[in-house]
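Asks: In the working numbering, the protein residues as written are 313 to 981. Idealized CB from N, CA, C, for every residue including glycine.
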Amino acid sequence: MDVKSLIEKMTLDEKLHLLTGKNNWETVSVERLGIPSLFVSDGPNGLRKVAAIVDGKEVTLKSTCFPTASAMAATWNTELVQETGECLAEECQAENVDILLGPGVNIKRTPLCGRNFEYFSEDPYLAGELAAAYIKGVQSKEVGTSLKHYAANNQEYDRHHISSEVDIRALREIYLKPFEIAVKKAKPWTVMCSYNRINGVYGSEHKVLLDDILRKEWGFDGFVVSDWGAVWDRAKSLKASLELAMPYNENHFRVLKKAYEDGKITDEEIDTALERYLTIVFRAYNARCKRVKEYDKEKHHEVAKKAALEAITLLKNDDDILPVNKSKVKKLAIIGEFATMPVIQGGGSAHVQPAKVDSPLDKIKELAQKEGIEVDYAISISIPSHSQYNQNSALTLAEKADQVIMFVGNRNTIESEGYDRTSIRLAPDVENAILQVARRNPNTVVVVQAGSAIDMSCWIGKVKGVLFAWYLGQAGGSAIAEILFGVHNPCGKTAETFPICLEDTPSYETYPGDGIVSWYKESIMVGYRYYDTFEKPVLFPFGHGLSYTQFEYSDLKITPGAANENDEITVSLSVKNTGKMQGKEIVQLYVRDMCSHVLRPYKELKGFAKVELKPGEKKEVTFKLNRDAFAYYSTAVNDWHVESGDYKILVGSSSRDIRLSGIIKINTD
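#1: Please classify D984 as buried or exposed, where buried requires at least 16 other C-beta atoms within 10 Å of its C-beta.
#2: Nearest to K374 by CA position, among Q665, M504, M653, S476, is which residue?
#3: Where does the unbroken alpha helix (DSSP H) through E320 begin, and where does it stop?
#4: Taking 8 Å as the line, does the beta carbon of I736 fall inside it for any heavy atom of the ligand FMN?
#5: Are three or more beta carbon pairs between the segment 383 to 394 and the segment 568 to 583 nearer than 8 Å?
#6: Looking only at its chain, what residues have a beta carbon closer than 7 Å to the beta carbon of K936, apart from the 5 residues adjacent to it on each side?
#7: Between which residues of its own chain and W565 is the CB-CB distance below 7 Å, once the five residues before and five after are set aside?
#8: Go through its chain and collect everything with a Cβ distance to K453's Cβ below 7 Å, but skip five positions before and after it.
#9: For Q467, count neighbouring Cβ atoms within 10 angstroms of its own Cβ and tell me buried if that reaches 16, exposed if not.
#10: From S699 to E529, what distance separates their C-alpha atoms?
#11: To which residues of the same chain is A364 closer than 6 Å at the C-beta, ignoring the five residues directly before and after it?
#12: Give the range of the alpha helix (DSSP H) segment to which H663 is assigned.
#13: Leaving out five residues on either side along the sequence, give the residues of the same chain with a beta carbon under 6 Å from the beta carbon of Y514.
#14: Hey, could you find the ends of the alpha helix (DSSP H) D579 is sitting in?
#15: Given this structure, state the Cα-to-Cα distance separating H461 from Y446, to the nearest angstrom.
#16: With a threshold of 16 other CB atoms inside 10 Å of the CB of H909, please say whether the residue is buried or exposed.
#17: Which full runs of the alpha helix (DSSP H) of 4+ residues lie inside the segment 339 to 396, going along the chain?
#18: Excluding sequence positions up to five away, which residues of its chain have a Cβ less than 7 Å from the Cβ of N755?
#19: Between the Cα of T890 and those of A874, V478, T861, E897, spot the shortest distance and give me the residue it belongs to.
#20: Between S956 and P913, what straight-line distance do the alpha-carbon atoms span, to the nearest angstrom?
#21: Quick one: what does DSSP say V758 is sitting in, helix, strand or coil?
#22: Please say whether P356 and G416 have beta carbons closer to each other than 9 Å?
#23: Taking the continuous beta strand (DSSP E) assigned at S475, which residues delimit it?
#24: Nearest-angstrom Cα distance between S967 and K420?
#25: Would you mind stating whether L779 and I795 have Cβ atoms separated by less than 9 Å?
#26: Straight-line CA distance for N508 to H473?
#27: Rank E743, V749, A616, N724 by C-alpha distance to the C-alpha of E430 and give the top, closest one.
#28: Express the C-alpha separation of H663 and S728 in angstroms, rounding to a whole number.
#29: Just confirm the distance between the C-beta atoms of A781 and K675, as a whole number of angstroms; I'd bet it's less than 8 Å.
#30: Select from T845, R603, I726 the residue whose C-alpha is nearest the C-alpha of V655.
#31: Under a three-way DSSP split, which group does V536 fall into?
#32: For E398, which beta-bridge partners are listed by DSSP?
#33: Distance, Cα to Cα, R823 vs R484?
#34: Rounded to the nearest angstrom, what separates D958 and L318 at their Cα positions?
#35: In chain order, what residues of the same chain lie with their CB nearer than 7 Å to the CB of N465, ignoring the 5 residues before and after it?
#36: Tell me whether D958 sits in a helix, a strand or coil according to DSSP, three-state version.
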């Protein structure tokens with residue numbers, strides 16, 4: 313389709329109407345010119361297609377509920393994220409959806425953010441790599457994605473008005489970096505602007521972000537869409553390079569028409585926006601003939617389960633309390649409502665109607681029966697929505713059991729779009745219940761279902777095991793049970809630091825701002841960059857996750873030992889499974905600038921690999937590092953800069969479990 317010649321045939325009114333939505337989920341069509349409408353739907357962990365409006369409420373179709381982004385990040389597995397993306401695309405095809413509104417790559421600046429379950433990580437490199445894999449998966453099936461929320465949208469509190477005041481280094485190195493990686497590596501069809509202001513300018517009107525950086529610097533060739541209702545001045549947003557304002561708003565047309573008549577926007581600006589937008593419209597339209605009419609629901613459920621299995625993170629396992637050992641456990645007590653009704657996702661626009669939901673308890677009973685273990689269940693853990701509960705049944709079971717597994721967590725009314733958490737602790741009555749049960753049975757394991765970090769400091773010392781189950785999607789129940797019983801080996805690792813308490817977080821003193829401005833005074837020291845640089849104690853470090861086996865690292869090689877800044881550097885090492893069970897290890901590579909003249913974090917993640925090993929098996933793991941691994945954003949030259957000098961390569965099992973290290977000298981002269 314020759315888009316330019318098509319634009320020449322349009323009337324002004326047709327052009328301007330095309331630059332806003334037809335309704336909540338469709339764009340405008342022009343039948344006389346053969347211009348089709350696009351249908352877009354929320355994601356990112358499942359297709360949330362609105363089928364009807366009944367009594368003013370949206371009715372959505374059932375779809376596969378995959379693990380949320382925070383859970384997918386805990387897999388550290390780009391291939392698995394891409395496979396999940398492919399499944400999502402097939403469901404979009406079957407339901408005639410052209411663009412899926414995801415993934416979200418906003419950085420987890422504070423664990424309080426209500427949408428942290430929708431975001432990957434506190435680390436920009438990890439978030440960017442996972443987002444790129446997601447986009448590649450979805451778009452491999454010729455369904456578009458919308459990379460969001462651009463940019464510095466790190467809290468839900470007052471998100472429509474707050475100005476994120478971020479210095480240029482933090483903006484470039486932390487908050488824009490995941491978008492940059494995803495745009496350059498995966499070429500999303502669309503990018504969605506955020507609601508908030510960035511250094512005083514609304515995301516929808518930020519020409520530096522939308523045009524200078526996104527398009528001219530990174531080479532983005534799709535169109536920019538607003539978050540729903542994020543456009544305040546349609547003329548300003550058009551001039552800033554925002555092509556599509558969603559949803560329908562008749563005022564947008566009137567504003568554009570008047571701005572044109574007043575000479576504030578030009579034909580060239582309108583036509584440029586239309587060319588970008590229509591290029592994607594016809595890309596989607598031409599792909600419709602290749603769509604599947606239906607998809608394999610059971611296959612998608614199995615992919616969701618595979619992802620859940622790799623996401624589950626074993627945080628604590630004293631005395632090898634897990635997996636459940638039939639030689640020690642004859643009577644097992646399961647306590648908590650979430651054992652029968654798991655929380656599989658967060659709230660808000662990402663919430664989907666799952667095709668089905670696996671029950672953890674049902675699978676636990678099935679596996680226990682095979683091992684000759686008796687299972688008793690009590691529902692007496694409090695849930696925040698319950699004002700009263702009775703612990704007696706649970707406490708009696710705990711006293712009589714050889715081992716207790718408690719299911720706790722946050723409902724999706726606690727972790728949701730639209731507002732932030734008020735605390736990172738579990739509800740007081742839940743914490744008390746854990747303590748009461750652990751007092752009666754020291755062999756207690758706690759399974760936590762939540763979308764982001766939890767403060768466990770008041771009770772973690774009283775229990776022997778903690779399994780962090782994130783929001784695992786519809787197949788998570790079976791996955792949890794199979795990890796508990798050792799059918800599979802846990803291999804998830806945290807993609808965010810778990811602080812001891814909220815007061816320890818780097819943004820604590822400045823979040824959420826004063827209602828007008830949120831000052832990012834911690835600058836580049838976000839997450840583990842802060843905790844590790846300033847040697848702050850944490851509950852669990854970034855990249856932490858235990859296994860039922862052990863891994864040994866050896867034979868670190870860095871070649872060449874000295875290099876110019878544009879040379880490719882190869883880092884290799886060996887990893888061996890020294891335990892008795894097959895498992896997967898996530899090898900993490902960090903870089904430290906040893907002689908920087910500016911403030912830099914003690915270490916920064918620049919590579920990771922997930923390797924599967926049988927007992928006794930040894931494999932070589934190789935990383936390739938380029939200039940990006942050593943650069944910081946220099947405010948002196950307004951560009952990325954590499955300093956000459958020594959850099960330490962650190963390889964380990966978490967940010968605080970470094971097994972091997974070596975030095976490379978970089979020459980930039």
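Replies: Quick answer:
#1: Outside the modelled stretch of the chain, which goes from 313 to 981, sits residue 984, for which no answer is possible.
#2: Here residue 374 refers to the residue found at position 62 when the sequence shown is read from its first residue. The candidate whose alpha carbon is nearest that of K374 is Q665.
#3: Within the sequence shown, numbered from 1, the residue matching residue 320 stands at position 8. Its alpha helix (DSSP H) spans residues 315 to 320.
#4: Questions concerning the ligand FMN fall outside what the structure shown contains, since it holds no ligand whatsoever.
#5: no
#6: Locating residue 936 in the sequence shown gives position 624, where the first residue counts as 1. Contacts found: E880, T882.
#7: Position 253 of the sequence shown, counting from 1, holds the residue named residue 565. Here residue 565 turns out to be Phe, not Trp, going by the sequence shown. Taken in chain order, the residues that qualify are L328, H329, T332.
#8: Here residue 453 refers to the residue found at position 141 when the sequence shown is read from its first residue. Answer for K453: E398, A401, E402, Q405, listed in chain order.
#9: Your numbering for residue 467 matches position 155 in the sequence shown. Label assigned to Q467: buried.
#10: Counting from one through the sequence shown, the residue named residue 699 turns up at place 387. Counting from one through the sequence shown, the residue named residue 529 turns up at place 217. Residue placement at S699 is poorly supported in this model, since its pLDDT is 36, which falls under 50; the coordinates still yield a value, given next. C-alpha separation (whole angstroms): 54 Å.
#11: Working through the sequence shown from its first residue, we reach residue 364 at position 52. Correct list, in chain order: V371.
#12: Within the sequence shown, the letter at position 351 stands for residue 663. Premise fails: H663 is in no alpha helix (DSSP H) and is neither H nor E.
#13: Within the sequence shown, numbered from 1, the residue matching residue 514 stands at position 202. Around Y514: W544.
#14: Sequence index remark: in the sequence shown, residue 579 carries index 267 (1-based). Per DSSP, D579 belongs to the alpha helix (DSSP H) from 579 to 599.
#15: Taking the first residue of the sequence shown as position 1, residue 461 is located at position 149. Taking the first residue of the sequence shown as position 1, residue 446 is located at position 134. Each residue's Cα considered, the two are about 15 Å apart.
#16: Counting from one through the sequence shown, the residue named residue 909 turns up at place 597. So H909 counts as exposed.
#17: 381 to 387
#18: Start at 1 with the first residue of the sequence shown, and residue 755 comes out as number 443. Only I633, D714, Q715, V716, K776 meet the Cβ criterion.
#19: Here residue 890 is taken as the residue at index 578 of the sequence shown, counted from 1. The shortest Cα separation from T890 among A874, V478, T861, E897 belongs to T861.
#20: Counting from 1 along the sequence shown, the entry for residue 956 is found at position 644. Counting from 1 along the sequence shown, the entry for residue 913 is found at position 601. Near 17 Å, if we compare the C-alpha coordinates of P913 and S956.
#21: The residue labelled residue 758 in the question sits at position 446 within the sequence shown. In the structure shown, V758 sits in a strand (DSSP, three-state: E or B).
#22: Here the question's residue 416 lines up with position 104 in the sequence shown. Here the question's residue 356 lines up with position 44 in the sequence shown. Result yes, Cβ atoms of G416 and P356 sit closer than 9 Å.
#23: Stepping through the sequence shown from its first residue, residue 475 is reached at position 163. Start and end: 475 to 477.
#24: For the purposes of this step, residue 967 is identified with residue 655 of the sequence shown, where counting begins at 1. For the purposes of this step, residue 420 is identified with residue 108 of the sequence shown, where counting begins at 1. So the alpha carbons of these two residues sit roughly 17 Å apart.
#25: The residue labelled residue 779 in the question sits at position 467 within the sequence shown. The residue labelled residue 795 in the question sits at position 483 within the sequence shown. Cβ distance < 9 Å, so L779 and I795 count as in contact.
#26: By one-based count along the sequence shown, residue 508 stands at place 196. By one-based count along the sequence shown, residue 473 stands at place 161. So the two alpha carbons sit approximately 5 Å from each other.
#27: Taking the sequence shown and counting its residues from 1, the one referred to as residue 430 is at position 118. Of the candidates E743, V749, A616, N724, the one whose C-alpha sits nearest the C-alpha of E430 is N724.
#28: In the sequence shown, residue 728 corresponds to position 416, counting from 1. In the sequence shown, residue 663 corresponds to position 351, counting from 1. Cα to Cα, S728 sits roughly 9 Å from H663.
#29: Counting from one through the sequence shown, the residue named residue 781 turns up at place 469. Counting from one through the sequence shown, the residue named residue 675 turns up at place 363. A781 to K675, Cβ: 13 Å. No contact.
#30: By one-based count along the sequence shown, residue 655 stands at place 343. Taking only the C-alpha atoms, the option nearest V655 is I726.
#31: Here the question's residue 536 lines up with position 224 in the sequence shown. V536: strand per DSSP, three-state reduction.
#32: Against the sequence shown, residue 398 aligns to sequence position 86. Answer is none; E398 lacks a bridge partner.
#33: If you number the sequence shown from 1, residue 823 lands on position 511. If you number the sequence shown from 1, residue 484 lands on position 172. Rather than Arg, the amino acid found at residue 823 in this sequence is Tyr. About 20 Å.
#34: Numbered from its first residue, the sequence shown carries residue 958 at position 646. Numbered from its first residue, the sequence shown carries residue 318 at position 6. In a straight line, the C-alpha of D958 is about 57 Å away from that of L318.
#35: Here the question's residue 465 lines up with position 153 in the sequence shown. Excluding sequence neighbours, N465 sits near N418, R471, S506, Y507, N508.
#36: By one-based count along the sequence shown, residue 958 stands at place 646. In this structure, D958 counts as strand in the three-state DSSP scheme.
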